[in-house]
Structure formats: structure tokens, C-alpha cells
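K.L.:
In my numbering, the protein residues as written are 310 to 883.
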């Protein structure tokens with residue numbers, strides 16, 4: 310049953326794959342014959358005694374159905390066997406396309422299955438183009454070299470073997486456990502690049518004070534010096550530099566990973582302990598009343614907290630600027646929402662509906678709007694109306710407004726407590742996980758690859774731009790997110806390393822449950838689930854989150870936990 314597998318796209322350990330499987334005509338014929346013989350023994354056909362029906366009669370009567378049933382079963386069986394062989398956990402049914410005649414089967418069956426799955430062992434296990442068993446890492450000496458006859462013909466790179474390429478000479482070498490499972494070393498001017506073969510992302514560059522055709526013994530030391538946290542070491546078993554200028558030369562060198570035991574026991578973490586009290590619930594109900602306050606139109610002068618509807622016309626040095634007129638602008642005095650200029654709204658206090666006034670505003674030099682920064686603006690203000698807020702009564706009508714059908718205040722308070730408690734547990738749980746991860750990083754500092762940090766900081770910038778109001782986006786740059794990006798990459802490396810070292814895995818069922826939980830927040834939950842399963846990137850984010858939760862839970866069981874008493878609003882405002 311020859312099988313080939315192609316990774317279409319990947320997000321962490323979640324991959325979308327295209328699997329090509331061939332089922333031979335001999336295998337199909339054997340299965341069909343066995344099924345026909347079984348039917349011949351059990352079928353009752355007029356004119357024949359049971360068990361004595363000729364096979365050709367059975368074939369004429371049931372052959373087409375049997376062949377379809379056999380093909381379907383063999384496809385299902387071969388697909389599951391292939392998943393098991395590659396250690397893949399499917400996240401949904403595959404899309405299968407059959408090539409060939411599924412009825413007559415003279416040439417066998419060749420089918421393609423496209424599916425999304427979890428690859429717990431990482432992407433390096435998925436690059437094989439054949440179903441022939443690959444050589445396991447443990448079957449190869451820890452220190453292998455070309456003189457040991459370990460070459461690209463002997464090793465399937467899907468086992469995680471790194472590729473060494475220097476001046477066109479290529480050798481495959483084994484790599485023991487480390488932060489990465491494989492790498493490519495490529496010569497460049499002034500040094501060598503060490504790259505991830507799946508994404509071609511450089512992990513770091515090691516400068517070499519010699520030509521690209523010469524590899525000195527000290528190269529391994531240079532890698533350690535530049536990487537700070539060693540990923541692997543490359544060294545020569547000769548006392549003189551290895552030269553690659555002769556294409557017929559078979560140099561001998563060794564590649565091995567720097568195995569470092571992570572410190573995971575007795576990490577010290579602080580755990581917040583808080584509960585939702587009756588006073589907390591009453592405070593929350595008052596906040597809910599404020600959110601649903603009633604606005605009563607008034608004829609008196611405006612004061613802080615009142616809502617004012619105005620027309621504005623602005624000028625700078627007597628000249629209008631772009632978009633200088635605003636009609637029917639609603640302002641709550643004291644919120645300072647208009648251009649983030651407190652002095653402007655303060656100037657409106659004391660005005661009445663129907664009044665007009667000129668307001669002068671000096672804009673600070675560090676204002677976010679560069680067009681206005683450091684300038685004096687004159688606004689003509691025309692007041693249309695003024696309204697004052699009034700809180701609704703805490704009664705049955707208010708309870709019904711919040712979804713309590715029978716209007717009982719006891720039910721409102723209980724529902725409010727349950728919502729607040731769920732939020733409290735979620736925030737405290739998240740903070741505890743961050744405490745655990747910070748303690749892990751403090752105990753196991755490592756250097757984050759600069760290229761990955763740059764990518765992550767750019768990702769965080771784009772995320773912030775989507776979530777930030779337009780008027781504040783001008784100040785955002787990728788450099789602002791460098792430290793956060795560096796920490797995220799460092800923690801990502803540590804989490805993956807721990808999961809591998811201690812066999813912490815995420816199953817398809819856990820993925821399904823989390824996706825369904827997310828989908829429950831939407832009315833079209835089925836559509837949301839389908840969208841997730843159609844997008845490996847989103848599934849990859851779910852996988853990474855679940856893996857982080859599992860790893861932090863595992864670490865927490867071994868940690869020294871210091872409990873700190875606090876209260877609901879301190880936690881929620883942190």
C-alpha cells in the first residue's frame with residue numbers, strides 16, 4: 310500500500326495534508342473473492358441449496374455491491390493505517406477523491422485524501438514521500454559521520470535528520486533531542502546561516518573568519534558564542550580545518566545537539582485567592598444601572614456628567630482645516646472623548662440649550678493628531694440640547710431588562726454572581742498560568758531567534774492595529790512589541806520542549822471540545838465550528854493554547870505555590 314504525504318499548510322502542530330494512497334488490484338481482488346465466498350455460504354437463491362450457489366452466480370447478483378463495499382472499507386482502513394503510521398490525529402473527516410474505475414478495478418485504486426490533523430511529533434515526521442519504514446534516530450550512532458557510511462541515501466530526512474550543505478557537498482547527519490529537530494547550514498559571505506528547513510527561517514548566523522570553503526575546528530565554539538543558548542554544536546574530529554574545495558573529498562565531521570535538562574520542579578509562583586461577595590454583586594448591579602441610565606432633557610445649565618448635543622466649526626489662525634465642521638456631535642461632559650482635549654469640554658460647562666460660544670483650545674505638542682499638535686484651535690459651538698442621567702430603579706422591570714423572565718431580584722443577584730464568579734476564575738486561572746510560565750522562563754533563560762522575534766513583533770503590531778482606534782494607531786510600531794514578542798517566542802520554545810520531553814499531548818477530542826465551547830458564544834455555532842476546521846491556522850492557535858494549558862497544569866503540580874488573598878475588583882482591574 311504505497312503512501313505519500315504532502316503538507317499543504319501548517320500552524321504549529323496542526324497541519325493540513327494531502328495523502329496519496331494506492332490500493333493494488335491484487336489486494337482488492339482477494340478481498341472481493343473472500344466476500345463473495347462468504348455470501349455463497351450464506352445466501353439463499355431459488356434453484357440452489359444454501360451453500361451450493363456457484364461463485365459466478367453470486368458475482369452476477371452481488372458483485373457490483375461487493376466491490377463497492379470492499380473499496381470503501383479498504384479506503385477507510387488504509388487511511389486509518391496511514392494516519393497511525395505517521396502518528397497523526399485527524400480533526401475531521403477527509404475529503405477523498407478516487408482516481409480510476411471503482412467498479413471494474415482492473416488497475417487497482419489510487420485515491421487522494423485531504424484532511425486536517427494534529428502532528429504530535431512535529432512536521433519533520435511528515436516529509437517522507439514513501440511508505441517504506443524510515444531509519445529511526447535510535448538506530449544510528451549518536452556521533453555519525455560520512456566515514457560511518459551514513460549518507461543521504463541511508464537516511465530518510467523525515468526522521469528528523471538535519472542536512473549539511475557546504476559548497477555543494479551534502480551529508481545527512483543524526484540529531485539528538487534539542488530545541489530543534491533539524492537544521493540546514495548554508496555558507497554565506499562572512500559566515501554560515503543555520504536555518505529551519507521547513508520555513509527557511511534563519512535561527513542565527515555564525516560568523517567565520519575565513520572563506521566559505523573552509524570550516525575551522527572552532528566553528529562549534531563560534532556557534533555557542535553567538536547563540537548563547539546552544540541549539541547544537543558542529544565540530545571536526547581532525548585537528549586541522551576541513552576544506553571543501555575538492556568535490557571528491559569526503560570530510561568527516563560530527564553533528565550533535567546540546568541536551569540541556571530543564572529546571573521544572575519547585576518553581577515558585579504566586580496564586581491569587583479571591584471570591585465574589587454580596588457587596589461585589591451590589592457594586593456590579595449599580596454599574597449595570599449606570600450602563601442603562603435614562604437621559605432626561607433639561608433647561609438648566611450644563612454640568613459635568615451631562616450629555617450635550619452640539620454643532621462645531623473649527624479654525625486655525627482663522628483658516629478652516631480639513632473636516633473642520635461636525636454636526637449633531639454628542640458629548641458627555643467630563644469624559645474627554647472629543648480629541649482627548651479636557652480643556653475643550655470644561656469650557657462647555659455652564660452653557661444652556663440654544664446658546665452659541667467661541668472656545669479657544671491650545672493643543673499639546675505631544676498630541677496624537679500631528680495636524681493639531683502644538684497649535685491653537687478656535688471652535689464655534691452651537692448647543693442643541695442638554696440631558697442629565699438618571700439611574701433606573703433596581704426592581705422587577707430592571708431585572709427583566711437584564712434577561713430575568715420572572716423579574717425576581719433574587720434570580721438577578723444569583724445570575725450576576727455566577728457570571729462574576731466565572732469571570733473571576735478565568736482571570737485568576739490565566740494569571741496563574743502566566744505566573745507559572747514566567748517562573749519557568751526565569752529558571753530556564755534562553756535566547757530567542759531574532760528572526761522569529763521580528764516576525765512575532767510584526768504579528769503583535771498588526772493585531773494591535775486591528776484592536777486600536779484609528780486616532781491612536783499613528784504611535785504604534787513593531788519595536789514597541791519586541792520584548793513581548795521575545796518572551797512569547799522563548800515560552801513557545803520551552804512549552805514545546807517540555808511537551809516533547811514529558812510526552813504531554815493534545816488529542817483530537819480535546820480540540821473538538823474547545824472549538825465547540827468557543828462556538829457556543831455564537832448563534833450560528835455549527836458554521837463557526839466548520840470555519841475552524843476549515844482553517845488550519847485557527848486550529849493551530851487552539852492547539853497551542855491547549856498545549857500551554859496542559860504544560861502549565863503539569864508544572865503547577867510540581868510548583869511551590871504561595872497564596873495571596875485579594876478581592877474581586879482588584880483581580881479584574883489588574
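All C-beta atoms, glycine included, are put in the ideal place defined by N, C-alpha and C. This structure is a prediction, so every number in the text was calculated from the model and none was measured.
Does the beta-carbon distance from residue 422 to residue 405 come in below 8 angstroms?
P.N.:
Contact flag set, yes.
K.L.:
Would you kindly check if the distance between the Cβ of residue 690 and the Cβ of residue 621 is under 8 angstroms?
P.N.:
Contact: yes.
K.L.:
Please report the straight-line C-alpha distance between residue 641 and residue 614, rounded to a whole angstrom.
P.N.:
Whole-angstrom Cα-Cα distance: 6 angstroms.
K.L.:
In the DSSP assignment, find the beta strand (DSSP E) that holds residue 664 and state where it starts and stops.
P.N.:
From DSSP, residue 664 is part of no beta strand (DSSP E); its letter is neither H nor E.
K.L.:
Return no unless some Cβ of chain B is closer than 8 angstroms to the Cβ of residue 369.
P.N.:
Chain labels in this structure do not include chain B; a single protein chain is all it has.
K.L.:
Per DSSP, what kind of secondary structure is residue 791 in: helix, strand or coil?
P.N.:
The answer is helix: DSSP assigns residue 791 an H, G or I state.
K.L.:
Does DSSP put residue 362 in a helix, a strand or coil?
P.N.:
Coil.
K.L.:
Counting only the same chain and skipping the five closest in sequence on each side, list residues whose C-beta sits under 6 angstroms from that of residue 624.
P.N.:
687.
K.L.:
Could you say which of 376, 750, 790 and 649 lies nearest to residue 676 if we only look at CA atoms?
P.N.:
Taking only the C-alpha atoms, the option nearest residue 676 is 649.
K.L.:
If distances are taken between C-alpha atoms only, which option among 354, 335 and 618 comes closest to residue 694?
P.N.:
Among 354, 335 and 618, the Cα nearest to that of residue 694 belongs to 618.
K.L.:
Can you list, in chain order, the residues of its chain whose CB lies under 8 angstroms from that of residue 855, leaving out five sequence neighbours each side?
P.N.:
Excluding positions up to five away in sequence, the list reads 815, 819, 820 and 823.
K.L.:
Beta strand (DSSP E) containing residue 631: first to last residue?
P.N.:
Unbroken beta strand (DSSP E) run through residue 631: 628-641.
K.L.:
Spatial neighbours of residue 315 within its chain, please: C-beta separation below 6 angstroms, excluding the five flanking residues on both sides.
P.N.:
So the qualifying residues of the chain are 327.
K.L.:
Answer yes if the segment 869-880 comes into contact with the segment 577-594, meaning at least three C-beta pairs across the two stretches below 8 angstroms, and no otherwise.
P.N.:
They touch, by the three-pair rule.
K.L.:
First and last residue of the alpha helix (DSSP H) that includes residue 849?
P.N.:
Note, residue 849: alpha helix (DSSP H), 845-865.
K.L.:
Grouping DSSP H, G and I as helix and E and B as strand, with all else coil, what is residue 698?
P.N.:
Correct three-state label for residue 698: strand.
K.L.:
The alpha helix (DSSP H) with residue 841 in it runs from where to where?
P.N.:
834-842 is the extent of the alpha helix (DSSP H) around residue 841.
K.L.:
What would DSSP say about residue 756, mapped onto helix, strand or coil?
P.N.:
If DSSP states are grouped into helix, strand and coil, residue 756 belongs with coil.
K.L.:
I'd like the list of long-range same chain contacts for residue 808, defined as Cβ closer than 8 angstroms, with 5 residues on each side in sequence excluded.
P.N.:
Around residue 808: 814, 856, 859 and 860.
K.L.:
Residues bridged to residue 316 by DSSP?
P.N.:
Looking at the DSSP assignment, residue 316 forms a beta bridge with 326.
K.L.:
I'd like the list of long-range same chain contacts for residue 661, defined as Cβ closer than 6 angstroms, with 5 residues on each side in sequence excluded.
P.N.:
The residues are 610.
K.L.:
Identify, in the order they occur along the chain, each residue of the same chain with its Cβ nearer than 6 angstroms to the Cβ of residue 634, setting aside the five sequence neighbours on each side.
P.N.:
Excluding positions up to five away in sequence, the list reads 622.
K.L.:
Please list the terminal residues of the continuous alpha helix (DSSP H) segment that includes residue 346.
P.N.:
Start and end: 334-351.
K.L.:
Using the beta-carbon count (16 or more within 10 Å), is residue 806 buried or exposed?
P.N.:
Looking at its Cβ environment, which holds 16 or more other Cβ atoms inside 10 Å, residue 806 is buried.
K.L.:
From residue 372 to residue 420, what distance separates their C-alpha atoms?
P.N.:
Cα to Cα, residue 372 sits roughly 21 angstroms from residue 420.
K.L.:
Does DSSP put residue 827 in a helix, in a strand, or in coil?
P.N.:
Reduced to three states, the DSSP call for residue 827 is helix.
K.L.:
Taking residue 602 as part of the beta strand (DSSP E), name the residues at either end of that continuous run.
P.N.:
First-last for residue 602: undefined, no H or E at that position.
K.L.:
What are the boundary residues of the alpha helix (DSSP H) that includes residue 709?
P.N.:
Where residue 709 is concerned, the enclosing alpha helix (DSSP H) stretches over 705-710.
K.L.:
Report the three-state DSSP secondary structure of residue 368 (helix, strand or coil).
P.N.:
In the structure shown, residue 368 sits in a helix (DSSP, three-state: H, G or I).
K.L.:
At the level of alpha carbons, what is the spacing between residue 652 and residue 659?
P.N.:
Distance between the alpha carbons of residue 652 and residue 659: 14 angstroms.
K.L.:
Could you spell out where the beta strand (DSSP E) holding residue 622 opens and where it closes?
P.N.:
Segment 616-625, the beta strand (DSSP E) holding residue 622.
K.L.:
Looking at the secondary structure, which residues open and close the beta strand (DSSP E) in which residue 578 lies?
P.N.:
Its beta strand (DSSP E) spans residues 577-582.
K.L.:
In or out: residue 733 buried (at least 16 other Cβ within 10 Å) or exposed?
P.N.:
Buried, since its Cβ has 16 or more Cβ neighbours within 10 Å.
K.L.:
For residue 949, is the classification buried or exposed, using 16 other Cβ atoms within 10 angstroms of its Cβ as the cut-off for buried?
P.N.:
Residue 949 lies beyond the stretch modelled for the chain, which goes from 310 to 883, so this question has no answer here.
K.L.:
I need the DSSP call for residue 656, collapsed to helix, strand or coil.
P.N.:
Three-state DSSP puts residue 656 in coil, outside helix and strand.
K.L.:
Where does the unbroken alpha helix (DSSP H) through residue 878 begin, and where does it stop?
P.N.:
Element bounds for residue 878: 877-881.
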